[in-house]
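Residue numbers (this note's numbering), protein chains in the order written: chain A, 17 to 278; chain B, 33 to 405.
Printed below as a string of structure tokens:
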């Protein structure tokens with residue numbers, strides 16, 4: 017068996033916690049200032065709301081497009097026996113591991129099914145924190161619903177950013193590339209079928225994606241976090257970054273016995 | 033007297049009165065003219081000609097005189113007459129405007145101004161818009177072939193306008209703009225006829241007189257060299273950028289913009305606030321209406337209390353209707369608008385979250401207690 021003190025491991029790095037926090041704060045700021053602009057709430061002027069909105073948007077994108085991908089790429093990857101024998105490429109192994117960790121896949125579908133069955137009183141709630149004790153690394157960390165939402169969130173960030181660029185400046189260009197014009201042209205391929213102008217469609221996309229983030233927030237807090245057994249992760253993601261694997265809720269240890277023998 | 037006849041009589045009286053007042057000036061202008069203009073009308077309301085007559089700086093007579101224009105043919109300003117005998121035109125060009133038009137087209141070397149959309153239906157015959165015994169489509173074809181360039185004025189001629197709006201008979205009637213059908217350049221009448229001519233589109237319902245006259249002036253005076261300069265001075269819908277700026281919208285310069293900035297968004301038409309929530313399409317409309325204004329630079333739609341209906345965007349009227357509803361209220365998925373989709377999404381998420389939470393917090397605790405026992 018592994019020792020008790022060895023069971024406290026790092027779940028989130030400082031950069032991961034920082035990215036999560038900034039993402040959260042920016043999202044709230046963006047939603048509040050965005051809906052102030054859309055609804056005409058009178059607690060601040062349009063110009064102040066716009067400046068705050070733009071500042072938060074830049075920070076939000078920096079976190080989502082620079083810091084979070086960096087964190088994902090830096091994900092610790094426990095070497096598998098095949099890596100050790102050199103029978104497969106380490107790079108491919110890492111890609112495969114990252115995909116498994118962050119993309120919704122067959123394992124997550126099985127867990128979702130287990131959650132549903134558990135809801136009906138058949139079977140226990142599935143563990144989603146899978147840790148390989150022998151190789152000292154997480155195999156899986158995220159709740160299956162979070163992984164399900166990640167793909168859509170990535171898309172939503174992209175859509176809200178691109179639509180925001182057009183709304184910010186109808187002729188925004190970078191390095192001579194007329195980005196806004198391209199986006200308006202792309203919008204034109206769909207907008208007429210909805211009886212909208214390209215610009216109106218882009219505005220609707222921006223609004224829809226804002227609503228998506230509200231829905232996602234409710235799902236994230238409601239389904240993933242609104243469970244006393246999960247609250248240990250609040251402390252981990254906002255403060256310590258550590259997890260005590262000896263707390264058995266939603267934790268499954270792999271290779272624990274063999275590790276103790278080696 | 034039915035409504036149609038009344039409108040014809042009223043239009044004729046208006047045009048006659050105008051001709052009566054300016055008869056000598058127009059005659060003088062025509063005599064010393066050099067640049068020939070042939071102005072033909074398809075399916076439309078003549079609102080753009082009406083708008084042209086309301087021009088003030090320059091007005092129509094000043095424009096004709098200063099620009100040395102030979103207004104060879106104008107469907108409503110010229111007294112219309114046409115006699116067909118046994119299906120053939122009779123008389124001379126002085127007595128029969130149909131012959132005058134034919135002669136002008138034969139002669140060529142003119143700027144063709146098109147007002148009104150061109151019917152292609154039924155089945156490509158163009159017979160849903162007839163002049164005398166000729167489909168307007170045929171008249172347009174001949175006139176376009178011999179023109180130096182084409183100026184399409186008003187929404188109907190530029191992008192199809194109300195004639196091409198969605199309806200049960202849209203496909204049957206098949207009205208086209210000169211070089212576009214709504215946003216689609218591949219369905220313009222010129223493409224349909226296989227004619228390649230430089231085109232400038234001056235949309236609007238109606239087009240602003242300044243937009244028409246200043247564009248004509250720029251072309252006639254060589255300020256815009258056709259076709260060399262067109263790529264630089266027109267947007268992708270062939271609209272002059274100076275009147276329809278690509279980099280901002282009417283909303284940016286709206287007289288009510290200040291109310292938007294402080295969040296005073298009116299919800300009924302009697303207020304003095306921003307009209308966005310009443311369906312104003314100013315934020316989606318590229319035009320200089322708010323700077324140029326109308327009726328002698330006195331007023332404009334939003335200033336007068338009416339939401340902008342985006343009458344110079346290619347998709348008009350479909351893209352901006354319902355006129356008095358926000359663009360965001362249009363259905364985007366499963367017949368639902370963004371707000372409804374959000375309500376469904378938020379409602380579903382709350383229900384799912386609550387159900388999950390109840391199971392995890394309440395029921396799970398009961399299960400644990402049972403296990404302990």
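Think of the CB as a built atom: it goes at the ideal place given N, C-alpha and C, for glycine as much as any other residue. Remember, it's a predicted structure, so these values are computed and weren't measured experimentally.
At least 8 Å separates the CB of residue 171(A) from every CB of chain B. Where residue 71(B) is concerned, the enclosing beta strand (DSSP E) starts and stops at 67-73. Residue 24(A) counts as exposed, since fewer than 16 other C-beta atoms from the protein chains shown sit within 10 angstroms of its C-beta. In terms of beta-carbon proximity, residue 158(A) stays away from the interface with chain B, with every pair separated by 8 Å or more.
Interface criterion not met: the Cβ of residue 193(A) is under 8 Å from no Cβ in chain B. Within the same chain, and ignoring the five residues on either side of residue 167(B) in sequence, the residues whose Cβ sits closer than 6 Å to its Cβ are 158, 159. Residues of the stretch 193-226 of chain B with a Cβ closer than 9 Å to any Cβ of chain A, in chain order: 198, 214, 215, 216. Counting only the Cα atoms, residue 175(A) lies some 33 Å from residue 143(A).
Straight-line measurement puts the Cα of residue 236(B) at about 16 Å from the Cα of residue 283(B). Within the stretch 354-367 of chain B, the residues whose Cβ lies closer than 7 Å to any Cβ of chain A are, in chain order, 359, 360, 362, 364.
Residue environment: residue 52(A) is assigned as buried (16 or more neighbouring CB atoms within 10 Å of its CB, all protein chains considered). Nearest CB-CB separation between residue 230(A) and chain B: below the 8 Å threshold.
Counting only the Cα atoms, residue 80(A) lies some 29 Å from residue 386(B).
In terms of Cβ geometry, residue 374(B) and residue 220(A) do not form a close pair [threshold 8 Å]. With a contact defined as Cβ atoms closer than 8 Å, residue 199(A) and residue 182(A) qualify at about 5 Å. Comparing C-alpha distances from residue 365(B) to each of 224(A), 215(A), 116(A) shows the shortest one belongs to 224(A). Closer than 8 Å to the CB of residue 377(B) there is at least one CB belonging to chain A. The Cβ-Cβ distance between residue 254(B) and residue 80(B) does not fall below 8 Å. For residue 182(B), the three-state secondary structure derived from DSSP is strand.
DSSP, read as helix, strand or coil, puts residue 76(B) in coil. In this structure, 247(B) is the residue among 342(B), 247(B), 286(B), 182(B) with its C-alpha nearest to the C-alpha of residue 272(B). Taking a cut-off of 8 Å for Cβ pairs, the stretch 173-182 of chain B and the stretch 107-119 of chain B do not touch, as fewer than three such pairs fall below it. Contact annotation: in the stretch 112-126 of chain A, no residue has its CB less than 7 Å from a CB in chain B. Collapsing the DSSP output to three states places residue 150(B) in a strand. At a C-beta separation below 8 Å, residue 385(B) has these neighbours in chain A: 234, 235, 237, 238, 239, 242.
Cα atoms of residue 250(A) and residue 193(A): separation of roughly 43 Å, rounded to the nearest angstrom. Taking 8 Å as the threshold, the shortest C-beta distance from residue 373(B) to chain A falls below it. By a beta-carbon distance limit of 8 Å, residue 314(B) contacts residue 334(B). Their separation comes to about 6 Å.
Ranking 325(B), 100(B), 188(B), 71(B) by CA distance to the CA of residue 132(B) puts 71(B) first. Against chain B, a Cβ distance below 8 Å from residue 187(A) picks out 278, 279. For residue 233(B), the enclosing beta strand (DSSP E) covers residues 231-234.
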